[in-house]
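*Asks:*
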Amino acid sequence: MKKLVILAGVAALAASAMLLASGARSADDAKLEQLKGQGFARVAIANEPPYTAVAADGKVSGAAPDVAREIFKRLGVNDIVASISEYGAMIPGLQAGRFDVVTAGLFMKPERCAAVAYSEPVLCDAEAMLVKKGNPKGFKSYEDIAKDSSATVGAPGGGTEEKLALNAGVPRDRVIVVPDGQSGLKMVQDGRIDAYSLPVLSINDLIKKANDPNLEVIAPVQGAPVYCDGAAFKKGDEALRDAYDVELAKMKKSGEFAKIIEPYGFSAKAAMSTTREKLCAAK
């Protein structure tokens, strides 16, 4: 009799575990159904071409949103609605439920991977600096800026470049938070900062539009790693992330992924040469 009671208890525990797992999956899967019902996904972007951009009429474009829009369409979500956010506010906003996903060149790092559920890699890039023609202070790295006690560098608040500069020893008061690319470019032109740092493609886009012969691009920044981003989902939305990954993999295989991102200057091969697992484990 005692044995039967024990077996019955084990069976009950197993059944409870299955019900709990099923309930968790149902809650997880409900996110996609919610997005289908509302007809759009709320995405966070940075308005940093060619990663992301907002036209005068409000239309959202750029490599990351264009990939996201196509994948969500394949998942039955008709469109995306974007909110511009500073990088440092993106993950808190996602966690607070203000966005459904971040599609903004938010590079994968172990600490970010612990906070959000990333898709597989989408866009890869290196770091660059915008300086005055001739690079008068001879910058090649963030360490060079740190060594020059009068030098200042601009970077997006909470972004990779800000952290790279601080980690290289640039004092906090010489790392200037810049809200957007146009502001950074103007600050270099006016001499208010000595360098403005963004990924290579973003800096190249700025200098192309500025058409200013008095500016120069230093790329890649010596000692700075190559990064890849991915769409970032809230922890608990892994089923949505997994569904996103399935469509992303199909697009990579078919060549449609390359057709979307390569006109913006990104390499599909670079994104396909690594994985979320590797990037999230990188030091």
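Residues -27 to -1, 1 to 256 in mature numbering (1 follows the signal peptide of the UniProt record, and there is no 0) are what the sequence shown lists, from first letter to last. Using N, Cα and C, we set each Cβ at its ideal position, and we do this for glycine too. Model, not experiment: these values are computed from the prediction.
1. Answer with yes or no whether the minimum CB distance from T125 to chain E is below 9 Å.
2. Kindly indicate which three-state DSSP category I57 falls into: helix, strand or coil?
3. Please state the DSSP three-state secondary structure of K106.
4. List the residues that DSSP assigns as beta-bridge partners of L188.
5. For V151, count the other beta carbons within 10 Å of its own beta carbon; 16 or more makes it buried, fewer makes it exposed. Which is it?
6. Does DSSP classify G154 as helix, strand or coil?
7. For S34, write down the residues that DSSP places opposite it in a beta bridge.
8. Ignore the nearest five residues each way along the sequence and tell me which others in D153's own chain have a CB closer than 7 Å to its CB.
9. Please go through the same chain and pick out, in chain order, the residues whose beta-carbon is closer than 6 Å to the beta-carbon of D52, but skip the five residues on each side of it.
10. Could you compute how far the alpha carbon of A(-4) sits from the alpha carbon of E6?
11. Could you check which residue in V74, G127, T133 and F112 has the C-alpha nearest to that of A99?
*Replies:* Well, looking at it:
1. In the structure shown, chain E does not exist; there is a single protein chain.
2. Reduced to three states, the DSSP call for I57 is strand.
3. Note: K106 maps to coil in three-state DSSP.
4. Beta-bridge pairing links L188 to K105.
5. Counting the other CB atoms within 10 Å of its CB gives V151 a total of 16 or more, which places it among the buried residues.
6. In the structure shown, the three-state DSSP call for G154 is helix.
7. By DSSP's assignment, S34 forms a beta bridge with A26.
8. N20, listed in sequence order.
9. So the qualifying residues of the chain are F13.
10. For A(-4), the predicted structure reports a pLDDT of 39, less than 50, and the residue's modelled location is therefore unreliable. A value from the coordinates is still provided. Here the alpha carbon of A(-4) sits roughly 15 Å from the alpha carbon of E6.
11. Distances from the alpha-carbon of A99 to those of V74, G127, T133 and F112 put T133 closest.
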